[in-house]
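UniProt numbering applies: residue 1 is where the sequence shown begins, and numbers increase by one.
Positions of the beta carbon are idealized from the N, C-alpha and C atoms, including for glycine.
Computed from a prediction, not measured in an experiment: that's the story for all the values here.
Right, one structure below, let's go through it.
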Amino acid sequence: MNKTLTYKAALFKNERTTVERVEKFISEHHFKDCNLRGRLYGQSYPIHVKHYDFGSDIVTFHEAVEALSIRGIEVNVGFKFGPTWTTHWFQVDITLPENYTSETEIVLRFDPNCEALLWSADGQPIKGLSPDFGRTDLAISISPTTQRFYVEASCSDRFGDGDGNAIGPVKMDKLFELKRCELAEYRATIHDLIIDFELLLEMSKILPKEGARRYQALYVANDMINCLVLSDFSLDAQMECHLQAEKFFRQPNGGSQMALYAVGNCHIDTAWLWRYRETRRKCARSWSATLRLMEKYKKMKFVVSQAQQLVWLKESYPTLYGNMQDFAADGRFVAVGGAWVEMDGNLPSGESMIRQLLYGQREFKKFCGVFSEIFWLPDTFGYSAQLPQIMQHCGMQYFVTQKMSWSIINKFPHHSFRWIGIDGTYVIAHFPPNHYVSQITVKECLDSRHNFTDHGRSNIAMMLYGFGDGGGGPNEDMLKRAERLADCDGVPRVQHATPQEFFIELVKDLDNLCSWKGELYLELHNATYTTQARIKKMNRLLESILKDHEFLQSMSLLEFNESKSLTSQWQRFLLNQFHDVLPGSCIKEVVADAVEIYNVLLDELAADGGKQLKWKDESNEKTPNEWVINSCNWQRILFHNNRLLRLEPFSIMHLNELELFNLPLSNKPLALGDDSEFKLQNRYITASIDKMGRITKLLAHCVNKANSVKENFSAIPENKFANQFVIFDDVPLFWDAWDVMDYHLETKQVLNSDSQAVIVKNTPLEACIRVEFAISGKSSLVQYITMFAHLPYLIFDTTVQWHESHKFLKVEFPANVYDMDAYYDIQFGHVKRPTHRNTSWDAAKYEVVGHKWMALTEFGRGIALLNNCKYGHSCTGNTMTLSLLRASKVPDDTADMGEHRFSYALYPFIGSIQQPCNDLNLSVMRAAYEFNNPTRFVNGWYANNKLSSFLKIDGSDGVVIDTVKPAEDDVNTLVIRLFESFGGGVSVKLRINHSRIVSVDLGDGLERTISSLSIETDDSAIGNQCEGFVSLDFRAFEVKTLLLRLFAL
């Protein structure tokens, strides 16, 4: 083709009038009686439509067809239906016009003013309808002359149904209107010209004024308008103008121009402003429309990123799922991310994250035959420093997100880089320099180039395109723009690619890429560590129950060669870790769905609020609480019926077989009290507590094995109060459930109201003080402060009646310790964060995430704060703060209202967090582990003897066996997951003491074998023919998965 660009420039040098002329020529709102856009459709023809209202029920295609045939009523344009979240089906009967020929393209135009799915007469999904971005048309074939279609309309907007605010609480009485239902002639050449003009107009407005290309675009557009107008829009003129535009777009770039790898996606939030059940239909609507585009545009590539959504589609739309698999076999419909859902990147435990990837990767392999190598979390609110190792452990070496661009204080310095985790593992990370719902406009392409921070190190970036959040995906306009911008002078090159193809190219630049070590902290949305406290509490509780139940199943497999898979329970649990559910940024209806899932799981797995595990025939158990479980690889102490009992490591033992724990005790009760304060004292700590429940003095005693106190550490500064409740005004800039702004710290109010305090229990083994006071005229707090003789920390069991609006409740603990950094528990390890505000990066971390503990230390002493269900923390100077409750009103206007129960504990120590100076060998890590994993009883367990210590770690108390589970596929394999918790490399021996374990393999998170490990013996095995050991070397915070192969029975 002749690529020489020719045009007639505008007569006058009036740029504004020429630009506005082009704007009006393709306007949706002006001069449609005579402009180009007004000619897109020709003559229209009526169709016949019947309707049936199914209310809140979601019905099958065949149920809908039957109801329409019997009870359907005829409706026309203007018909109103609803209310919000009801389902309405329409039967659409069309008759082609008599003058219809193959040269004339006819489309069905159906606009129900809400989300909808178009079905064929034989029950196959055709495409989703999304009127909000113009997806309302279906091309009609030339035969037969009469055809029937069905439309399943969901009374909801694609982006939520908030009342006056898209993210607000749902307006449940919305009505929708049938805006259009007709056949119409469609002029494809006009559509092509509209795309041409839109791109030319963009380039004429935003390309540099100093260059000729901006004006070439404007003058070509102006010349095309003249040609069309003077020819009365003849078809020949239309073709001539399209060729003229094509010549312009085919003028190539220079060799140094950036390349954008276009990846189609639709980012369907699994739940957010809509419920889980609606997401099933969103998937069908979005992906059916995508398949129709892929049939036409052969270069198009598209990704799906959540296994749960694939499972839903397979269950509800099996034919559509099969069609997607066909495109997956050609490498065009690609599964990425590897996760069950796009989960939150901060709050799930390490094991939960591995299960997200284990179950997600397995489902992706069923779908497309391979595991994903790319972890895909474009919209999550920050990313744990342990994620690089978890990714690599589950077969992924690349990472994609975009959310870091949302930080409001500091600009993240990289777009393509090595991301290094706390154990030294790295992955190659890429942040697309535009958002994840691009539309491939000229502006977006130029913004991508402008935003990109790694010029000279790499010259490629991803462009994720397609309507998203509420689904939708790419539309044809985006694909047409991509064709024109494949290599258009002045604009980055656009080429279709899979994420894998992008990373193959990016790896070539690896030596030039920078590195980032540690967490990816998002400087926004940090209130999601606290919002919807009930969801977070249930998440932590069920993580613990699932751990114990799998240990129980493993013991059953070892001893009785039988076990029950918990895959279904895990998958239902993991669903609630989606990044708008667990963080609490969803509507109240989703919260109710999530709580229902949790309650069902809790009922299946446990009794008595999680204190007892259910086992076989538990309903027939006549003497409950006979067996007790310890799923930790260290000895634990059970306080039961006023006795201290010793639980052996990795054991299931009968209560009658438990030995007493030998602890030197005084005959004196632990508590003393007078009119002004209380004093609690055991052999490890001494605490003075005032009538508000505040700690005024706290001593940690260094106790050696000779039972003598060598020194004391005063953990609270003089004239300071620990366990001080404070409340803040909490009004963010916009994202109510998501954000707590830095200025909230300026509104601190100390709670110091009248209180009632009394000793309610006081024995040599246990003492408890009850404190009650008002938070406000609407809210109150009751707290039980407990000391046990065998524990080196105070426990605070707290109940809050919370009825506030835009308030934030926290509790503070000033410490007699000063350090530049505080420690926070995260997945499989811990991180340090600054306690100062030296730089803007430091100051931005005024609210951070932690899991089971945080600690402030200096050489030889420190203080740790444990919790059982909280995630929001902070530490400024020497004051540790635990975030307790918020009161946001959007998108859930009832968020966190009502009663809350939670516990935390204060652990002062002499020594280090790894080795406190007491005779309990209770590191902060172990103490927090026990605080979150209480010893549980087992109802219905049967065994002749105790099971104990079949695994043991020699060489370090810092190596934790976190998980013991039956393998997913091999009935003769146990999977154990270990990690180094102290933060230092170590060599250990894993001692194995069970006759069924015949070999050990090193595996990965997907339970694939990496290598075989030799089982050795030493002198300690004399007299025990079953015992051997495996030597293991750990890096700091390293995670290992071992596969224990069992002798088949």
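Complete beta strand (DSSP E) runs within the segment 922-971 (minimum length 3 residues, chain order): If we require 3 residues or more, the beta strand (DSSP E) runs fully inside the segment 922-971 come out as 936-939, 951-954, 959-966.
Residues near C917 by beta carbon distance below 6 angstroms, same chain, minus five either side: Same-chain partners within the cutoff: C702, I910, G911.
Identity of the residue in N667, V817, W272, S949 nearest P649 by Cα: Here the closest residue by C-alpha is S949.
Between the CA atoms of L228 and Q43 - distance to the nearest angstrom: Those two C-alpha atoms are separated by around 20 angstroms.
Top-ranked residue by Cα proximity to N265, from M880, S27, R332: Ranking M880, S27, R332 by Cα distance to N265 puts R332 first.
Integer Cβ distance of L557 from L974, believed to fall under 8 angstroms: A Cβ-Cβ distance of about 7 angstroms is found for the pair L557 and L974, placing them in contact under the 8 angstroms criterion.
Cβ-Cβ distance between L906 and A789 below 8 angstroms: In this structure, A789 does not lie closer than 8 angstroms to L906 by Cβ.
W287 vs M258 beta-carbon contact at 8 angstroms: No, they are not a contact pair.
Outcome for A328 when other beta-carbon atoms lying within 10 angstroms are tallied against a minimum of 16: The residue in question, A328, is buried, as its Cβ has 16 or more Cβ neighbours within 10 Å.
C-beta neighbour in chain D for L1032, strict 8 angstroms: No chain D is part of this structure, which consists of one protein chain only.
Short Cβ contact (8 angstroms threshold) for R926 with W634: Yes; because the gap between Cβ atoms is below 8 angstroms, this pair is in contact.
Bounding residues of the alpha helix (DSSP H) (the contiguous stretch that carries P499): Element bounds for P499: 499-506.
Identity of the residue in S1014, I70, D1019 nearest L1032 by Cα: Of the candidates S1014, I70, D1019, the one whose C-alpha sits nearest the C-alpha of L1032 is S1014.
Whole-angstrom distance between F79 and V49, CA atom to CA atom: Using only the alpha carbons, I get a separation of about 11 angstroms.
Spatially closest choice to A855 from S840, D825, T839, by CA coordinates: Comparing alpha carbon positions, the residue from S840, D825, T839 closest to A855 is D825.
Separation of R355 from residue 1051, as counted between CA atoms: The requested residue 1051 is not part of the displayed model; the chain covers only 1 to 1049.
Bridge partners - T528, DSSP secondary structure assignment: Residue pairing for T528: DSSP places it in no beta bridge.
Residue closest to F551, alpha-carbon to alpha-carbon, out of A429, S515, L613, V986: Taking the Cα of F551 as reference, the smallest distance to any Cα among A429, S515, L613, V986 is reached at L613.
Extent of the continuous alpha helix (DSSP H) run through L546: Where L546 is concerned, the enclosing alpha helix (DSSP H) stretches over 533-560.
Distance, S154 Cα to K622 Cα: Any answer about K622 is weak, because its pLDDT of 49 lies below 50 and its placement is not dependable; what the coordinates show is given next. When rounded, the distance between both Cα atoms is 51 angstroms.
Entirely enclosed alpha helix (DSSP H) segments - the segment 202-231, minimum 4 residues: The qualifying runs are 212-230.
With 16 other Cβ atoms within 10 Å as the buried cut-off, status of N620: Here the model assigns N620 a pLDDT of 45, short of 50, so the residue's position is not dependable and the matter cannot be decided.
Residue of K247, L178, D33 minimising C-alpha distance to A217: The option with the nearest alpha carbon to A217 is K247.
Cβ-based burial, residue 1069 [other Cβ within 10 Å; buried from 16]: Residue 1069 lies beyond the range of the chain shown here (1 to 1049); nothing can be said about it.
P388 - containing alpha helix (DSSP H), residue span: Boundaries of the alpha helix (DSSP H) around P388: 387-393.
K480 in three-state terms, based on DSSP: DSSP places K480 in the helix class (H, G or I) of the three-state scheme.
Short Cβ contact (8 angstroms threshold) for R1008 with E351: Cβ atoms of R1008 and E351: not closer than 8 angstroms.
H560 versus L794 - alpha carbon distance: The sequence as given places Phe at residue 560; His does not occur at that position. Cα to Cα, F560 sits roughly 41 angstroms from L794.
Q238 - containing alpha helix (DSSP H), residue span: Start and end: 235-249.
Residue nearest to D1001 in terms of C-alpha spacing, selected from V1030, D1019, S995, F902: The candidate whose alpha carbon is nearest that of D1001 is V1030.
Residues bridged to M880 [DSSP beta-bridge criterion]: Per DSSP, the beta bridge partners of M880 are F813, C875.
Chain-order list of residues whose beta-carbon lies under 6 angstroms from that of N222 (same chain, five-residue window excluded): Answer for N222: A10, T18, listed in chain order.
Reduced DSSP secondary structure (H/G/I, E/B, other) of C514: Secondary structure of C514 (DSSP, three-state): strand.
Inter-residue Cα distance where the pair is V494 and T86: Rounded to the nearest angstrom, the two C-alpha atoms are 41 angstroms apart.
Cβ pair count under 8 angstroms reaching 3, the segment 635-642 against the segment 577-588: No: the two stretches stay apart, fewer than three of their Cβ pairs being nearer than 8 angstroms.
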